[in-house]
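Asks: In my numbering, the protein residues as written are 1 to 98.
1. Under the three-state reduction of DSSP, which class applies to residue 28: helix, strand or coil?
2. Alpha helix (DSSP H) containing residue 10: first to last residue?
3. Should residue 94 be labelled buried (16 or more other beta-carbon atoms within 10 Å of its own) or exposed?
4. What does residue 65 pair with, by DSSP beta-bridge criteria?
5. For residue 86, write down the residues that DSSP places opposite it in a beta bridge.
6. Cα-Cα, which of 90, 41, 7, 63 is closest to residue 25?
7. Between the stretch 51–59 and the stretch 12–24, do three or more beta carbon pairs fall short of 8 Å?
8. In angstroms, rounded to a whole number, what distance separates the CA positions of residue 72 and residue 78?
Here you go:
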């Protein structure tokens, strides 16, 4: 049987993701995530002998453009739209706490 996620683990991940979840929401999430883990376990049982690993169903190729310098807006004009700026840089609110 697949390892089950606990309410404590779900609460920890919710805290890391800055999600405010009620006890009922965490119980629902526990049910959904544990069902998902059970489906992953079923996939692990499949015989994939001879199946090449792949990340995409079609080949992915990079399409590069020429890296050429082009004129852009003046620095001062860009910063004029900033609600707050200092020393030529945008000032943004702190969103990650220690």
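Even glycine gets a Cβ: it sits at the ideal position worked out from N, Cα and C.
Replies: The answer reads as follows:
1. Here residue 28 corresponds to residue number 28 of the chain shown, with the count starting at 1. The answer is helix: DSSP assigns residue 28 an H, G or I state.
2. As a first step, residue 10 is located in the chain shown; it is residue number 10 there, counting from the start. Residues 7–16.
3. Translated into the one-based positions of the chain shown, residue 94 becomes position 94. Counting other Cβ atoms within 10 Å of its Cβ, residue 94 stays below 16 and is therefore classed as exposed.
4. Mapped onto the chain shown, residue 65 falls at position 65. BP columns for residue 65 are empty, so no partner.
5. For the purposes of this step, residue 86 is taken as the residue at position 86 of the chain shown. Answer is 89, bridged to residue 86.
6. One-based indexing of the chain shown puts residue 25 at position 25. Closest by C-alpha distance to residue 25, out of 90, 41, 7, 63, is 7.
7. Verdict: no, contact absent.
8. Taking the first residue of the chain shown as 1, we reach residue 72 at position 72. Taking the first residue of the chain shown as 1, we reach residue 78 at position 78. Distance between the alpha carbons of residue 72 and residue 78 is about 10 Å.
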